[in-house]
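Residue numbers (the working numbering): 32 to 351. C-beta: ideal position from N, C-alpha, C; glycine also. Report on the structure given below.
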Amino acid sequence: MTSATDTVAAPAGMTFGAMVEKFLAKKKSEGKRSIQDDEERSVPLLAFFGKATPLAAIRTRRVAEYRMARRATTSRLGRPLAPATVNREVALLRSILRMALAWDELERVPVFEMTKEQGKQRYLALDEITRLLAACAESRSRLLLAIVTAAPHTGLRKGELLRLIWERVDFARSVIALGRQTKSGKGRDVPINQAVYGALAPLRAAAGGQDASGRVWGALRDIDTPYRTALTRAKILDPDVTFHTLRHSFAGHYVMRGGRLEKLQEILGHSSIKTTEIYKHLAADYLTGATALLEGLGAEINAQSTHGAETAAEQQAGVS
């Protein structure tokens with residue numbers, strides 16, 4: 032990996048090493064659960080950029096060089112590092128530099144281009160969803176099961192789901208009518224199926240029935256800890272599985288069951304169909320698997336046809 036000693040001279044100021052220490056100390060004081068991951072990801076960053084390097088010397092070109100160097104690195108298994116791994120490291124670097132900017136230790140943050148991992152989003156298989164829901168049912172968080180039931184059946188973003196109010200839940204029309212406070216800034220209707228109705232109906236009854244108003248989940252603001260606990264209990268240990276994976280799971284299974292991308296775009300609230308097309312490969316994979324079920328059918332039909340022809344010939348010979 033390229034050493035930071037060949038970085039061109041830059042204005043003096045806080046060093047990268049000192050800023051990393053401050054960043055990690057702040058995250059640790061806030062009790063962030065990701066602190067261990069951040070500490071591990073900071074190791075290659077410090078090795079490449081150098082602890083003594085001034086923050087101002089970390090420019091866009093150097094970030095691009097870091098990305099290339101890391102992609103050329105192999106893991107302990109001898110494989111190239113996954114784009115997701117490099118992306119997380121670069122995302123940490125961006126967070127560190129943004130904090131430096133907020134603390135007036137840096138005048139500007141370099142431009143970051145995150146590599147998109149198109150077409151292979153992680154989603155939960157049906158048996159994983161079943162195990163996860165079973166684990167949620169055992170959680171001490173009384174709302175976790177309802178929330179995790181609603182997520183993969185609606186495709187709502189975590190924020191959209193946790194901020195949901197009863198005024199937006201329309202059982203009569205079987206939709207959740209989201210307003211403009213969405214990521215895209217546009218309102219949309221998200222269908223309510225039987226599973227979602229079953230999860231929300233008891234809560235609505237307890238909140239006043241038709242007169243229910245305000246936040247669906249009451250004062251609840253986040254569910255990270257009980258959700259991670261449920262994942263562990265369900266033996267879903269993949270670090271790439273987050274709450275957002277439930278949104279991917281909705282989209283993936285929708286497409287695999289023949290749902291149209293245009294309709295999926297509407298439900299998910301994507302501004303561009305290009306964003307929705309990351310799920311397109313699932314439709315192709317599913318169709319390939321479906322037609323594989325017909326393997327050998329042609330031979331069977333031919334065999335039946337041959338047998339039929341032989342029988343007809345025998346009958347004809349008997350008549351003559």
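Skipping 5 residues on each side, what residues in its chain have a beta carbon closer than 7 angstroms to that of residue i?
{"i": "Phe143", "result": "Val94, Val121 and Arg125"}
{"i": "Arg102", "result": "Pro111, Leu112 and Val117"}
Express the C-alpha separation of residue j and residue i in angstroms, rounding to a whole number.
{"i": "Gly249", "j": "Phe79", "result": "47 angstroms"}
{"i": "Ala83", "j": "Gly44", "result": "10 angstroms"}
{"i": "Trp197", "j": "Leu174", "result": "15 angstroms"}
{"i": "Ile207", "j": "Ile223", "result": "7 angstroms"}
{"i": "Thr260", "j": "Ile267", "result": "10 angstroms"}
{"i": "Asp69", "j": "Ile160", "result": "29 angstroms"}
{"i": "Leu195", "j": "Val117", "result": "34 angstroms"}
{"i": "Arg107", "j": "Ser244", "result": "54 angstroms"}
{"i": "Phe54", "j": "Gln225", "result": "46 angstroms"}
{"i": "Leu164", "j": "Lys63", "result": "26 angstroms"}
{"i": "Glu28", "j": "Ser65", "result": "With the chain covering only 32 through 351, there is no way to say anything about residue 28."}
{"i": "Glu169", "j": "Val179", "result": "13 angstroms"}
{"i": "Ala203", "j": "Pro270", "result": "39 angstroms"}
Leaving out the 5 sequence neighbours to the left and right, which residues in its chain are closer than 6 angstroms to residue i when beta-carbon positions are compared?
{"i": "Thr104", "result": "Leu112"}
{"i": "Leu313", "result": "Gly283, Val286 and Met287"}
Under three-state DSSP, which class holds residue i?
{"i": "Thr273", "result": "coil"}
{"i": "Glu148", "result": "Caution applies to Glu148, whose pLDDT of 48 falls short of 50 and renders its modelled position unreliable; the value that the coordinates give is listed next. In this structure, Glu148 counts as coil in the three-state DSSP scheme."}
{"i": "Ile160", "result": "helix"}
{"i": "Ala177", "result": "helix"}
{"i": "Ala95", "result": "helix"}
{"i": "Thr105", "result": "strand"}
{"i": "Ile207", "result": "strand"}
{"i": "Thr84", "result": "coil"}
{"i": "Ile196", "result": "strand"}
Which same chain residues end up closer than 8 angstroms to residue i when comparing Cβ atoms and leaving out the 5 residues on each side of it in sequence?
{"i": "Thr46", "result": "Lys82, Ala83, Thr84, Pro85 and Leu86"}
{"i": "Leu251", "result": "Leu174 and Leu193"}
{"i": "Gly199", "result": "Note that residue 199 is Arg in the sequence shown here, rather than Gly. Counting only Cβ-Cβ distances below 8 angstroms, and skipping sequence neighbours, we find Ile207, Ala208, Leu209 and Gly210."}
{"i": "Arg72", "result": "Arg119, Glu120 and Leu123"}
Where are the alpha helix (DSSP H) runs, 4 residues long or more, that stay fully inside the stretch 107-145, in chain order? Complete alpha helix (DSSP H) runs here, min 4: 114-133.
Which runs of the beta strand (DSSP E) fall wholly inside the stretch 212-267 and span at least 3 residues, in chain order? 219-222
The stretch 56-68 contacting the stretch 132-141, beta-carbon criterion three pairs below 8 angstroms: no
Given 8 angstroms as the limit, is there contact between the stretch 185-193 and the stretch 229-243, that is, 3 or more CB pairs closer than that? no
Note down, one range per segment and in chain order, each alpha helix (DSSP H) of at least 4 residues found wholly within the stretch 45-87. Within the stretch 45-87, the runs of alpha helix (DSSP H) that reach at least 4 residues and sit entirely inside it are, in chain order, 47-60 and 66-80.
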